[in-house]
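Colleague:
In our numbering, the protein residues as written are -18 to 110.
(1) What are the boundary residues of the alpha helix (DSSP H) that residue 69 is part of?
(2) Return yes when the Cβ of residue 3 is within less than 7 Å of the Cβ of residue 35, no when it is not.
(3) Is there contact here, the region 77 to 87 with the region 51 to 66, by at least three beta-carbon pairs under 8 Å?
(4) How about residue 66 and residue 78: do their beta carbons lie closer than 7 Å?
(5) Under 8 Å by Cβ, that's how I've got residue 80 and residue 58 pegged, so tell me the actual separation to the nearest angstrom.
(6) Where do the N-terminal and C-terminal ends of the alpha helix (DSSP H) with residue 23 fall, by residue?
(7) So, using beta-carbon positions, are residue 60 and residue -1 closer together than 7 Å?
(8) Check residue 8 in the structure and name its three-state DSSP category.
(9) If you reduce the DSSP assignment to three classes, tell me which class residue 46 lands in.
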């Protein structure tokens, strides 16, 4: 029986969210398209958002680029939060806030692994392990 930890599942779940979000934005149904226009974005801006979300998902999937993908995903979600708050649509701020938090957690885990590995290697060199 294999044990799968939340540290393994969370990045994959986050990547899936960004893929679904990117497809929703790239192929923007009328309601999403109209929201972008209501918020004052150019007609093509949903493609930019969708492309950034898809890029974040691809970077999150591959462990060596996960930190960068988390940072990009968090940035996109912070922009979404700012957009809906500026326009007084506070209820729509909750999902991007949750995803931004998950992006921060995934980024933190990735950063800690990146920092810890050189320290372990240095310890092994000095101790001869």
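For glycine and all other residues, C-beta sits at the position ideal for the given N, C-alpha and C. Nothing here was measured: the structure is a model prediction, and the numbers come from that model.
Modeller: Put simply:
(1) Taken as a continuous stretch (DSSP letters only), residue 69 belongs to no alpha helix (DSSP H), as it is neither H nor E.
(2) Yes; because the gap between Cβ atoms is below 7 Å, this pair is in contact.
(3) Yes, the region 77 to 87 is in contact with the region 51 to 66.
(4) Going by C-beta atoms, residue 66 is not nearer than 7 Å to residue 78.
(5) Between residue 58 and residue 80 the Cβ distance is about 5 Å, and since that is below 8 Å, they are a contact.
(6) Looking at the DSSP string, residue 23 is not in any alpha helix (DSSP H), and its letter there is neither H nor E.
(7) Their beta carbons are not under 7 Å apart, which means residue 60 does not touch residue -1 by this criterion.
(8) In this structure, residue 8 counts as coil in the three-state DSSP scheme.
(9) In the structure shown, residue 46 sits in a helix (DSSP, three-state: H, G or I).
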